[in-house]
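S.K.: One structure coming up, written as structure tokens, with questions to follow.
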Amino acid sequence: MQQSGRSNQLPILIIAGLFFIFGFVTWVNGALIPFMKTINELTEAQSYLVASASYISFVVMALPASYLLTRVGYRRGMSIGLIIMALGALIFIPAAEARTYWVFLLAIFIQGAGMTILQTAANPYITILGPLESGAKRIAIMGIANKTAGALGSLIFGALLLSGIDEVKEKLSTVSIEEKSALLDTMADSVFTPYIIMAVVLLVLGLLIRKAPLPHVEAGEPDVTTTGTTMKTTIFQFPHLWLGVLTLFVYVGAEVIAGDTIIAYGIALGFTGEEAKFFTTFTLMAMVAT
Numbered sequence: 057m058q059q060s061g062r063s064n065q066l067p068i069l070i071i072a073g074l075f076f077i078f079g080f081v082t083w084v085n086g087a088l089i090p091f092m093k094t095i096n097e098l099t100e101a102q103s104y105l106v107a108s109a110s111y112i113s114f115v116v117m118a119l120p121a122s123y124l125l126t127r128v129g130y131r132r133g134m135s136i137g138l139i140i141m142a143l144g145a146l147i148f149i150p151a152a153e154a155r156t157y158w159v160f161l162l163a164i165f166i167q168g169a170g171m172t173i174l175q176t177a178a179n180p181y182i183t184i185l186g187p188l189e190s191g192a193k194r195i196a197i198m199g200i201a202n203k204t205a206g207a208l209g210s211l212i213f214g215a216l217l218l219s220g221i222d223e224v225k226e227k228l229s230t231v232s233i234e235e236k237s238a239l240l241d242t243m244a245d246s247v248f249t250p251y252i253i254m255a256v257v258l259l260v261l262g263l264l265i266r267k268a269p270l271p272h273v274e275a276g277e278p279d280v281t282t283t284g285t286t287m288k289t290t291i292f293q294f295p296h297l298w299l300g301v302l303t304l305f306v307y308v309g310a311e312v313i314a315g316d317t318i319i320a321y322g323i324a325l326g327f328t329g330e331e332a333k334f335f336t337t338f339t340l341m342a343m344v345a346t
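Mapping of the sequence shown onto our numbering: residues 57 to 346, in sequence order.
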């Protein structure tokens, strides 16, 4: 089913809003990595499990997300994805209260699971909201919404989580064990407000999306297509598809490495947290520009 004309304008804006949401949530990892490293006193390798937890979730949940969408449809699937993301955001609260690293990783993994369902639904859904020949253009516009949200999310969370991180790190080597624990607990508490707000917003949107004016689409079996006299029945018969997957794999790898590590890299080079918080934003805007 394809939509055309004015009837698809509002649905496209709604889906763009969803791309904005998971872009915002995805790209806060750049600020979370140095934050987690400080409050949980982690090694470099341990701190980068923040990003790994999210993307491992994408791998693990990809096929289950597809199965879920075949059972409930795209709109309900997007609602479920948003609600799961809200649950992940809420888990940040007890994680910060206990300052327990594995609970933080669990929260990130659950958010990643919700984002996987949301993206598995939203990416193909946007292609049906208009003529097939302009589907790639709509996907590109969604990508801009995603990166713009990521730039804002990284900047906002960088300001919230990295404010005062340099002073805390300086004090940690000079204070007693009790004072050190109190400093780190206070720093961990800075996630309370942003993640409560995030959870509420995601939950409300997850409920509202069920009533949104979106065309109802069921995820079914792919159509069998023919080219000449050759019947194409499996994805292995489409080499351009595999080249596209390889391209996306390489691009996303470069994108994630750059966006998620550059704040921590800047701090390691001697930039303050206040200065480094802008680096992921600069990186994503450069990607949009190119």
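Glycine included, C-beta positions come from ideal geometry on N, C-alpha and C.
Under a three-way DSSP split, which group does Lys333 fall into?
M.R.: coil
S.K.: Can you check which of these residues, Val257, Ala177, Phe160, Arg132, is closest to Leu119 by C-alpha distance?
M.R.: Closest option to Leu119, Cα to Cα, is Ala177.
S.K.: Taking the alpha helix (DSSP H) that Gly406 falls in, what are its first and last residues?
M.R.: The structure shown does not extend to residue 406, since the chain is modelled only from 57 to 346, so the question has no answer here.
S.K.: Helix, strand or coil: which one does DSSP assign to Thr281?
M.R.: Any reading at Thr281 must be qualified, since the residue scores a pLDDT of 48, below 50, and its modelled position is unreliable; the value itself is stated next. Strand.
S.K.: Are Leu217 and Leu88 touching if we call contact CB-CB under 9 Å?
M.R.: yes
S.K.: Which same chain residues end up closer than 6 Å to Pro67 when comparing Cβ atoms and leaving out the 5 residues on each side of it in sequence?
M.R.: Leu185, Leu270
S.K.: With a 10 Å radius around its C-beta and 16 neighbouring C-beta atoms as the bar for buried, classify Ile233 as buried or exposed.
M.R.: Burial call: exposed.
S.K.: Output yes or no for whether 9 Å exceeds the beta carbon distance between Gly168 and Ala320.
M.R.: no
S.K.: For the alpha helix (DSSP H) containing Pro187, name the first residue and the last one.
M.R.: Note, Pro187: premise wrong, no alpha helix (DSSP H); not H, not E.
S.K.: Within a Cβ cutoff of 6 Å, which residues of the same chain sit near Ala109, ignoring the five residues on either side of it in sequence?
M.R.: Leu161, Ile164, Phe165
S.K.: Let's test the definition: count the other Cβ atoms within 10 Å of the Cβ of Val301 and tell me whether it reaches 16, buried, or not, exposed.
M.R.: Around the Cβ of Val301, a 10 Å sphere holds fewer than 16 other Cβ atoms; the residue is exposed.
S.K.: What is the rounded straight-line gap between the Cα of Thr281 and the Cα of Ala107?
M.R.: Residue placement at Thr281 is flagged as unreliable, the pLDDT there being 48, under the threshold of 50; a coordinate-derived value is accordingly withheld.
S.K.: Would Ile173 and Gly199 qualify as a contact pair, given that the criterion is a beta-carbon distance under 9 Å?
M.R.: no
S.K.: Can you check the stretch 89-169 for any beta strand (DSSP E) of at least 3 residues that lies completely inside it and give the ranges in chain order?
M.R.: none
S.K.: Within the continuous alpha helix (DSSP H) that includes Asn202, where are the two ends?
M.R.: 191-217
S.K.: Tell me the DSSP secondary structure of Pro269 in three-state form.
M.R.: coil
S.K.: Straight-line CA distance for Gly155 to Leu239?
M.R.: It is worth fixing the name first, because residue 155 is Arg in this sequence and not Gly. Rounded to the nearest angstrom, the gap between the Cα atoms of Arg155 and Leu239 is 12 Å.
S.K.: Per DSSP, what kind of secondary structure is Ala303 in: helix, strand or coil?
M.R.: The amino acid occupying residue 303 in the given sequence is Thr; Ala does not appear at that position. Thr303: helix per DSSP, three-state reduction.
S.K.: Specify, as a first and last residue, the run of the alpha helix (DSSP H) that Phe327 falls within.
M.R.: Careful: Phe327 lies outside any alpha helix (DSSP H) and carries neither H nor E.
S.K.: Classify Gly262 as helix, strand or coil using the three-state DSSP reduction.
M.R.: helix
S.K.: Helix or strand or just coil, what does DSSP make of Leu69?
M.R.: helix
S.K.: For Phe248 and Phe80, what's the separation of their Cα atoms in angstroms?
M.R.: Rounded to the nearest whole angstrom, the C-alpha separation of Phe248 and Phe80 is 17 Å.
S.K.: According to DSSP, is Phe338 helix, strand or coil?
M.R.: Under the three-state reduction of DSSP output, Phe338 falls in the helix class.
S.K.: Exposed or buried, Thr337, counting other C-beta atoms within 10 Å across all chains shown (16 or more means buried)?
M.R.: buried
S.K.: The alpha helix (DSSP H) spanning Asp222 covers which residue range?
M.R.: 221-228
S.K.: Which same chain residues end up closer than 6 Å to Tyr159 when comparing Cβ atoms and leaving out the 5 residues on each side of it in sequence?
M.R.: For clarity, residue 159 is Val in the given sequence; the question names Tyr instead. Ala151.
S.K.: Could you name the residues of the same chain whose beta carbon sits closer than 7 Å to that of Asp245, not counting the 5 residues immediately before and after it, in chain order?
M.R.: Ala152
S.K.: Please check the pair Thr339 and Gly322, which I expect to be a contact at CB under 8 Å, by giving their CB distance rounded to whole angstroms.
M.R.: That belief does not hold up - the Cβ atoms of Thr339 and Gly322 are roughly 11 Å apart, past 8 Å.
S.K.: Mind checking which residues open and close the alpha helix (DSSP H) that includes Ser237?
M.R.: 233-244
S.K.: Report the rounded CA-to-CA distance for Phe213 versus Met254, giving the unit in angstroms.
M.R.: Taking the straight line from one Cα to the other gives about 11 Å.
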